[in-house]
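Working notes, structure below.
Number of protein chains: 2
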Amino acid sequence: MVKEKGDSRFEMTKKHHKTTFEKALLEGKMDIDFVPICKFLEKTKAYFSTSCCAGRIALMCLDEVEGKKKNAFYRKWHRKVNEKEILEAVNTFDGDCLWFKQEPLILHIGTKDLSGAQKLINAGHNAGIKRVGIIVAKEGKFIIEVLGSKNMNVPIKGTDFCASEDYLKKIIKIANIKFESNKKAIKLLEKELKKEIK
Amino acid sequence: MVKEKGDSRFEMTKKHHKTTFEKALLEGKMDIDFVPICKFLEKTKAYFSTSCCAGRIALMCLDEVEGKKKNAFYRKWHRKVNEKEILEAVNTFDGDCLWFKQEPLILHIGTKDLSGAQKLINAGHNAGIKRVGIIVAKEGKFIIEVLGSKNMNVPIKGTDFCASEDYLKKIIKIANIKFESNKKAIKLLEKELKKEIK
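Listed below in structure tokens is the structure:
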């Protein structure tokens, strides 16, 4: 009985996320780099993806100690950025504190049991990703988070300070290179997932 | 049979980590803020701590895209820092790329089964910590990672650039405030752990 309950909940959840994924794909809302992995997971019997982001660069309105405020996203890009758009945004910002963030890849995968979860952890580690963990562990529903560990995160403008234009240009350049490195990590993750699960 | 094997492995591991913890405490190698949680876990039947760090501020020699090199730690402090020691370190650095890092609290807790792991996830979430996950899931050995999400991470000096002294002073100030906020988070985590587990 218990097994059946878990199985049926899993089937329902997998079906729901299949629909959500296909809709996002159709509407162009999917991060293109993650499409191969999500398509692969969709075709497996025991896995599905619930959400993913191939990395982004963002400017956020937070307080000085990174506390979140309403409408915290001042700008965000799921692509490389250019100096002009960042400098324009910094120059026109007049809030409390503006944070520059280059965020790593993140992927959430669902599976039905612990042995499936363990395979995902193995695949993540084999792909060189340190932060892989089971974040939900319920009967018939396990969610695994795969999170890249390399990021950039720093305040660049406040009411009494602003990073120099030259320094900003340098960190933009570095952030773009790091953003690109997510693509390689995702390719490697795809390879390891295909080795580990069917 | 299976249960016994798991139980015996767990007892051995818990005992090993008890000794390691007591040795570190005696030698003054423990982050003082985590001592109450580690002592509490040690007294429980089903949990132990394997490692912890109450947060730190570090200067690391990495390459421009954060790739690790040999002897990557240029300076590190498990306390608040002052302007003088950071500026001195920056001024004397002549490597490829120096990264400024304010790192969040991290704690690893071991337990024997999935239901124990689930309680730790609940406690972490109830304490407002987003990144809590099971990173090892084996018979008789589950390891849960509790990781603060707020950090600072940015290159501050390279072969062709350096952040200004005024800007560095500002991010030092912010890093110190954020470092201190780890203490509050650890207190809250202790409270929630005591509610959730025995």
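Going down the list, the protein sequences come from chains U and A.
So our numbering is basically just the index in the first sequence, starting at one, shifted up by 1148.
So our numbering is basically just the index in the second sequence, starting at one, shifted up by 1148.
The beta-carbon is built from N, C-alpha and C at its ideal position, and this holds for glycine as well.
Predicted model only: the values in this text are computed from it and were never measured.
### Query
Going by the CB atoms, is the gap between Ala1271(U) and Phe1290(U) shorter than 7 Å?
Not closer than 7 Å, so no.
### Task
Using a Cβ-Cβ cut-off of 7 Å, state whether Ile1334(A) counts as contacting chain U.
Residue-level contact by beta carbon fails for Ile1334(A) and chain U, as no gap is shorter than 7 Å.
### Task
Return the CA-CA distance between Glu1233(A) and Asn1239(U), expressed in angstroms with no decimal places.
Straight-line Cα distance between these residues: approximately 31 Å.
### Query
Straight-line CA distance for Leu1268(A) to Leu1262(A)?
For Leu1268(A) and Leu1262(A), the distance between alpha carbons rounds to 10 Å.
#### Entry: Beta carbon of Ala1237(A) nearer than 7 Å to that of Gly1296(A)
No, the Cβ-Cβ distance between Ala1237(A) and Gly1296(A) is not below 7 Å.
### Task
Please classify Phe1182(U): does DSSP put it in a helix, a strand, or coil?
Here Phe1182(U) sits in helix by DSSP.
### Message
Measuring straight from C-alpha to C-alpha, what distance separates Asp1179(U) and Ala1172(U)?
### Response
For Asp1179(U) and Ala1172(U), the gap between their C-alpha atoms comes out near 9 Å.
### Message
Please list, in chain order, the chain U residues whose beta carbon lies closer than 8 Å to that of Ser1329(A).
### Response
At a beta-carbon threshold of 8 Å, the residues of chain U lying near Ser1329(A) are Val1213, ordered along the chain.
### Query
So, is Asp1181(U) buried or exposed, given that buried needs 16 or more other C-beta atoms within 10 angstroms?
When all chains shown are included, Asp1181(U) counts as buried.
### Task
With DSSP as the reference, please indicate the residues paired to Glu1208(A) in a beta bridge.
Here the sequence assigns Met to residue 1208(A), which means Glu is not the residue at that position. According to DSSP, which records beta bridges pairwise, Met1208(A) is partnered with Phe1221(A), Trp1247(A).
### Task
Take Leu1210(A) and list the residues in its own chain whose beta-carbon comes closer than 7 Å to its own, dropping the five residues that flank it on each side.
So the qualifying residues of the chain are Lys1216, Lys1217, Ala1220, Cys1245, Trp1247.
### Query
Quick one: does Ile1291(A) have its CB under 7 Å from some CB of chain U?
Chain U, which has no Cβ nearer than 7 Å to the Cβ of Ile1291(A), makes this no.
### Message
Using beta carbons (cut-off 7 Å, strictly below), is Pro1252(A) in contact with chain U?
### Response
At a cut-off of 7 Å, the C-beta of Pro1252(A) has no neighbouring C-beta in chain U.
### Message
Does the contact criterion of 3 or more C-beta pairs under 8 Å hold for the segment 1312-1323 of chain U versus the segment 1272-1291 of chain U?
### Response
Contact between the segment 1312-1323 of chain U and the segment 1272-1291 of chain U is absent, because fewer than three Cβ pairs lie under 8 Å.
### Query
Looking at the C-beta of Arg1157(A), does it have a partner C-beta in chain U at a distance below 7 Å?
For Arg1157(A), not one C-beta of chain U is nearer than 7 Å to its own C-beta.
### Message
Taking 7 Å as the threshold (beta carbon to beta carbon), is Glu1340(U) in contact with chain A?
### Response
Chain A contact via Cβ: absent.
### Task
Quick one: which residues of the segment 1298-1326 of chain A get their C-beta closer than 9 Å to a C-beta of chain U? List them in chain order.
Here the close residues are Lys1298, Asn1299, Met1300, Asn1301, Val1302, Pro1303, Ile1304, Gly1306, Asp1308, Phe1309, Cys1310, Ala1311, Ser1312, Asp1314, Tyr1315, Lys1317, Lys1318, Ile1319, Lys1321, Ile1322, Ile1325, Lys1326.
### Query
When the Cα atoms are used, what is the spatial distance from Asn1324(A) to Thr1168(U)?
Roughly 43 Å between the two C-alpha positions.
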